[in-house]
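Top line first, the protein sequences correspond to chains A, B, C and D. Going by our numbering, the residue at position 148 of the first sequence is 148; the numbering climbs one at a time, nothing skipped. Going by our numbering, the residue at position 31 of the second sequence is 31; the numbering climbs one at a time, nothing skipped. Going by our numbering, the residue at position 34 of the third sequence is 34; the numbering climbs one at a time, nothing skipped. Going by our numbering, the residue at position 104 of the fourth sequence is 104; the numbering climbs one at a time, nothing skipped. Note that the Cβ used here is the ideal one computed from N, Cα and C, for glycine as well.
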Amino acid sequence: MTEAAVEAEHVVVDSVVRDRIRVLIITLAIAIPLIAWTLTQMSTLAFFTQILNGLSFGALLFFLASGFTMIFGLMRIANLAHGGFYLMGGYVGITTTLVTGQFWLGLLAGGLVISCLGLFVERILLRRIRGMEKPEVLLTIGLTFVIGDFSLAVWGGDPRQIEKPEYLKGAFQIGDSFFYPKYRLFVLALAILLGSFLFYIDRKTKIGAIVRAGVDDRETVAAMGINIKAVFTGAFIFGAFIAGMSGVIGAGFLSLLPGEDFVILLFALVVVIIGGLGSLEGAALGAVVVGLIDAFAKALVPELSFFTLFAPMAIILMVRPNGLLGRAS
Amino acid sequence: MTKTLRVAAILLAVLSMIAASCSSSDDASDTTTDTAATTDEGTDEGTDEEPEETMEEGTDEEPEETGSEPAPAGDGGLDIKVGAILPLTGGIAGPGADARDSLELFFNTFGDGESITTPGGNTISLVIEDNASDPAIALTAATKLLEVDDVDIVLPGILASTGTAVGDALGDRDDVLLLSPSSCNDDFTQRAPLDGYARPAGWACSQTTHAFGQWAFEEAGYTAVATACTDYSFGWEHCGGFADAFTNAGGTIVDQIWHPLGNADFATYSTQMNDLSDAEAVMVLAVGGSVNPMVTSYADFGLKDSKPMLAGVTTMDQSALRAMDKSVALGTIGHSHWAEGHDDPNTIEFVTAYEDATDKIASYYAAGYYGAMQWIVAAADAMDSEFTPAAMLTTMKDGLEVDTAFGTQTMNEDGSMTMTVFITEVQEREDGKLWNVPIFQYDDVDQYFQFDKDEYLAQPTYTKDFQGAGVSG
Amino acid sequence: MNVDDVTVRFGGVTAVNHVSLKVEGGQRWAVIGPNGAGKTTLFRTISGEVFPTEGRVELFGSDMSRAAPYQKAQRGVGRTYQVTELFKELTVEENLIIAAQAVTKTRFCFWAPVRVRGEVDEMVANALEAVDLTSARHTRVADMSHGSHRQLEIAMALSSNPKLLLLDEPAAGLSSAERRMMKGLINGLPRDLSIVLIEHDMDIALDLVERVLVLDNGSRIAEGDPDEIRTNQRVQDVYLKFD
Amino acid sequence: MSMIESAGQARKALPITARVQLAMLAIALVVAFIFPFLASTFILRLVTLALVSALFAMSVDLMAGYAGLVSLGHAGVLGSAMYGVGYVASKTDGGFALQLLVGFAAGIAASVIFGLMAMRSSGVYFILITIAQGMIVWGLATLLVKITGAENGLPGIRRPVVVETEFRYYFVALIVVLVSSVGLFIVVRSPVGFALKGLRESETRMRMLGHNTTWLKFQMFMLSGFFATIAGILLVYLNEFVNPTDVIIASSALPVLMSILGGIGTLIGPFIGAFVVVFLRNYVSLEIDRWQSIMGLTFIFVVLFARDGLIGAVKKHWYKYLDSKGSGPAALAATEMAAPPLQSG
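Next comes the structure, spelled out in structure tokens:
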């Protein structure tokens, strides 16, 4: 037993460094000619604006994916209800903002209501089938249908957006020709903030240490006298909280409507699959990659914009079944 | 044993749920509207009193009015069953609910909710089926309507896809009349006409944009415009109508951007539009969930000031406008055959009654289904023979003038409409809600508008590759 | 089989350090050593789960250092596991059928029922007989005792008619009565079958084999007949250090 | 179909059960051939749809139930076949034979590509990859307007004149589905079927035993894809229409739901599940708006409380009953110790 464990650990440590270098080289090899070609297709200003577009959309995806990936990393649950969480959180935020007139309250309410929902889902439903991969996936997909239908019953089928505060409306202007929406810059800043926060928690705090240990070896954590169930619940609630909040954020520049739960879930899936399930860095990398691919593909080959998203994912998975920065399961 | 019991319990639960929901299906749908209504009520308290008064006036007069215009020529006694296949769930549940609400309004206003008796003494009853925005389900629903409910007229849904599927399946049957007030494929009334099919209170996709293109050049004075439309047949035809008419009048289309259907993030396309330095304005079309992101992105990128938006029918329709940010939408120039702010008495009457019943301002989907019912009633009363789908269609096309929510309309030989097209502006109503108010109108627009019919039909259907003779690919 | 000067490293740790092991046809070997000595890694190298960093693994005359596990299994390597990994929801017979058909052509067959294939039936019946499980052939594996699981493990390895059998602590977790039975069972296996056995319990190991390899910290510390090993001072030291 | 069940489970020596199953199968067949003369077109259409869905669900269950690899993108294969037929029928003047040929080729091609993509993965990764596969097909169906007609779909697909009516088409579907079921029955009893079960239990062990699991999964994709292709061709002629909704994720989730509702890892389970779901879905969504909730709740309830599905529950009950009469599996277990050796030849 111990021998095998030592073996496994060293395989991981050794391959991580080599792997990352390989990933970097391959990425650059693909990216550089692509960038060169892209630059011949559009003006430099447009090129940089598109990069910003990609990054800001990626920022929203990072919000979504970080919650998804955390839950998966810790609990091995692919929570397909994440898209439903996003949709309903957004609706709650919209209603709260409508009633109170406060965008920030809406953001908070979206997160809080969904974390309550998360608590219910984790405690009442998922706990009964803990550790059974497939039932968990099937349950969460069933949950998505229910949440989507509930949202339709309550909020109707019209596309909805959130009323942004005045200071986030309109464009941020540099010189005569460069305009960029303030809201998108805000989302980008928020994502960087969240990312730094999560990395800080992950690397520097005791909670982070527990979570990371839990990812590696749940039995060990349990043996250390830590209530792993409580950690799971906490993580699930937190993941749900960010999902709900990202719904509110998304409602600022995308629409909420029936079916959006699956669309956004698929974006989140692509992000975490490309990045590597369970890895926070992976979620960040995946979000940037997907955001950029989406922005540029839509500009250059609009007919293939879905294909350009899923095809790279499929290829990455064929070559690296655990994603770019993922570890062997 | 316990497991068996559990399974039994679940089955029972599911069955009782179905049973419960079947018996109270009307209640269920009402709840939906109610909840939506309460959400809105919280914010705009001023709306309550005003519509109520007007409504009272409206309901009193209405029954006589609709029927009395085209004097009842038939002997009455017809019993006509209408089946509507609407997307009440799925991606376009919003417009579906609008259509259902207006049908229910019509049957509640003039009858007992299930059926009505027309002024001419004919009975018309209604069955609504959900198609879940899915053509396969729409087909099953159509079979059910024909086989089980034995309907005479089918209103085949809102989406072009369900419309096409049902149209394709029922098109060659002569025991049913297909009336489509919302899906608008040009060729169904142009190059590949369907039998037993018409669009009362509906439109052809390029019909309204023909007028819009003309207006943009002649009245608004634009000479160079770009288009940004959804990349599928509705977008092609809608944009094509504009481009063809605009270039025909003398303008130039400087660029055409096509964004995929269902696209969510429009930053990419706004950036591209920003890059089009020679475009004076952009004609913009988006549908469904794409509308709000598109319009918001357009404003957020500062395009609204540099390149005014010329909105397609679905872009500034109430179904999207209801949830739109005021600062983003206000002042946008759009166009449609439906303008909820039009001061025509028929329009006012419908808008008031609809708003009173649902607390929503009527979208073109709502007006379309209401208008279709007005057409059916008028045609039934004008018929002087036994009911057959063909006979009703002939009556409709035979110079019948119907006062619909849209205003007065007539139907052409091919089943298309001759109607008014409004150029509209998004304005704030007294109570703070946004609506489209006409600023210019073209009367008696048919689907060929200023084009010669034969020449027009000789050119291909608008696609991405053909956007009118004056547009270079 | 010939393991020639094999080294396996994981990162900075050397799990197996220049170990050679040559097994002739029909020979029975034991690899013994304390926990962490590199026994299992050596096994995994032979069966193909781990590739050697240096050195070669030759099987039945050809170099198969970097062949995948299934390729080695096809060539006639059968292996049991320390922690039993059986198909718990299936019956004993189904387990054996799956194991047996792995090395026959029938595994690609999806158009005929498994029972018509006489070849597989014969292999399954032989394996059942060899481990004395015939009476339990329709029992679901999850319902059986740990001892029977061990028996079935061996039957699984046998059912594909291997030429080389790798047994990973076949007696682990068994009662002393079961151990005796297991010993008898292994003893009764066909003599033309080469066996390599890992065993922590020296007594069992030494009774069953002709040759012994002793590992500690990844390196060979002794090799020889059971009797030699029993008296070897270094082996005693290593074992005493642990026990 | 009940017979499939008995052998699939390798539960032998249960004469009463076997006899009951045989009798039920006979009754089912008789009913299947008689009832069209009594039913309305609408019901007939629903039953035909249920039959086709059953075949599709069985093909998914071959992966999800037997091999334990849940695909949430199998509508991609079904849809490819449908689009293959639709393209020829709608955009070219190819005849029926060409439609079938292209439909088959498209379905099989999709299976090959899907198989190559997914054969190296397992567990949750497998699910996620298959979701992506389904979405690729959906994306192409939505965006490649010239080939697929995008949202408008491909109209103008017509059944051959001989089987034009719902009545006749029902018999076509019935016979094709029955023959395919027998095919699936043979597959699950074959060595490959057994190997798939091993895959479900432990993939690493399979590899150690000498099974090339990568190839096995590819083979599984091909077999499952073959039957899904047949289902797709039946479906496209049933609807005479194809559109991106046929390949959305819900279309892929449905057969999985049918399987787990009826009883995963059996063939009769998906069959029964398909009938329940199709009737629920079509009746419910025609009568009320809350179909999605019902589907979602069914998913949740089945996963939580009845993981063996309806068949599992019925079977358990039946065996209990037999046990009480002294002829159930528990009672037979003792006598079975002396069961005869495998029959060969």
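Under a criterion of Cβ atoms nearer than 9 Å, no residue of chain D is adjacent to A299 of chain A; the nearest Cβ is some 15 Å distant.
For D305 of chain B, the secondary structure class from DSSP, reduced to helix, strand or coil, is helix. Residue environment: Y321 of chain D is assigned as exposed (fewer than 16 neighbouring CB atoms within 10 Å of its CB, all protein chains considered). When the five nearest sequence neighbours on each side are left out, the beta carbons in the same chain lying within less than 6 Å of the beta carbon of I127 of chain D are those of V70 and L72, in order along the chain. From the beta-carbon of W258 of chain B, the residues of chain A found nearer than 7 Å are P302. Counting only residues of its own chain and dropping the five nearest sequence neighbours on each side, Q41 of chain A has a CB closer than 7 Å to the CB of L300. V187 of chain D belongs to the set of residues whose beta carbon lies under 8 Å from a beta carbon in chain C. With a cut-off of 8 Å on Cβ pairs, the segment 198 to 206 of chain C is in contact with the segment 159 to 176 of chain C, counting three or more such pairs. Within the same chain, D5 and T7 come within 6 Å of H18 of chain C by CB-CB distance, once the 5 residues on both sides are set aside. Annotation: D186 of chain B is outside any beta strand (DSSP E) and is labelled neither H nor E by DSSP. Under the criterion of beta carbons closer than 8 Å, L42 of chain C and N95 of chain C do not qualify as touching, at roughly 27 Å. Closer than 8 Å to the CB of R22 of chain A there is not a single CB belonging to chain D. CA-to-CA, the gap between D452 of chain B and G371 of chain B works out to about 28 Å. Burial check for P135 of chain B: the Cβ neighbour count within 10 Å reaches 16 or more, so the residue is buried. Here the alpha carbons of G115 of chain D and Q219 of chain D stand approximately 8 Å from one another. For W291 of chain D, a Cβ of chain B is located within less than 8 Å of the residue's own Cβ. In the same chain as D149 of chain B, and ignoring 5 residues on each side of it, the C-beta atoms closer than 7 Å to its own belong to K81, G83 and V127, in chain order. In this structure, the beta-carbon distance from Y87 of chain D to A141 of chain D does not fall below 8 Å. Contact holds between the segment 59 to 68 of chain A and the segment 266 to 283 of chain A, because three or more Cβ pairs, one in each stretch, are under 8 Å apart.
Residues of chain D with a Cβ closer than 9 Å to the Cβ of P52 of chain C do not exist, since the nearest Cβ in that chain sits about 18 Å away.
Shown here for N346 of chain B: same chain residues with a beta carbon closer than 7 Å to its own, the five before and five after excluded, namely D403, T404, A405 and G407 in chain order. Beta-bridge analysis with DSSP links T14 of chain C to C:R9. Between G89 of chain A and G111 of chain A a beta carbon distance of about 7 Å is seen, short of the 8 Å cut, so the two are scored as contacting. Beyond the five residues adjoining it in sequence on each side, N292 of chain B comes within less than 8 Å, by CB distance, of A320, A323 and M324 in the same chain, given in chain order. Cβ-Cβ distances below 6 Å link R160 of chain A to I94 and L256 in the same chain, with the five nearest sequence neighbours on each side left out; the list follows chain order. By alpha-carbon distance to A357 of chain B, the top candidate from B:I85, B:R100 and B:G90 is B:R100. Contact note: S279 of chain A does not reach chain D at a C-beta cutoff of 8 Å; the least C-beta distance is about 14 Å. Nearest in C-alpha terms to L78 of chain D, of all of D:G95, D:A195, D:L254 and D:F301, is D:L254. P193 of chain B and E413 of chain B have their C-alpha atoms spaced approximately 11 Å apart.
Exposed is the label assigned to N187 of chain C, since fewer than 16 other Cβ atoms lie within 10 Å of its Cβ. With a threshold of 16 other beta carbon atoms within 10 Å, I32 of chain C meets it and is buried. Taking a Cβ-Cβ threshold of 9 Å, the residues of chain B close to P181 of chain A are A267, S270, T296, S297, A299, D300, F301 and G302, in chain order.
For I85 of chain B, the uninterrupted beta strand (DSSP E) segment begins and ends at D79 to L86.
Here F299 of chain D is actually not in contact with F85 of chain A; their C-beta atoms are around 17 Å apart, not less than 8 Å. Contiguous alpha helix (DSSP H) elements confined to the segment 377 to 434 of chain B occur at 389 to 397, taking only those with 4 or more residues. Judged by their CB atoms, A68 of chain C and G55 of chain C are not nearer to each other than the 8 Å cut-off.
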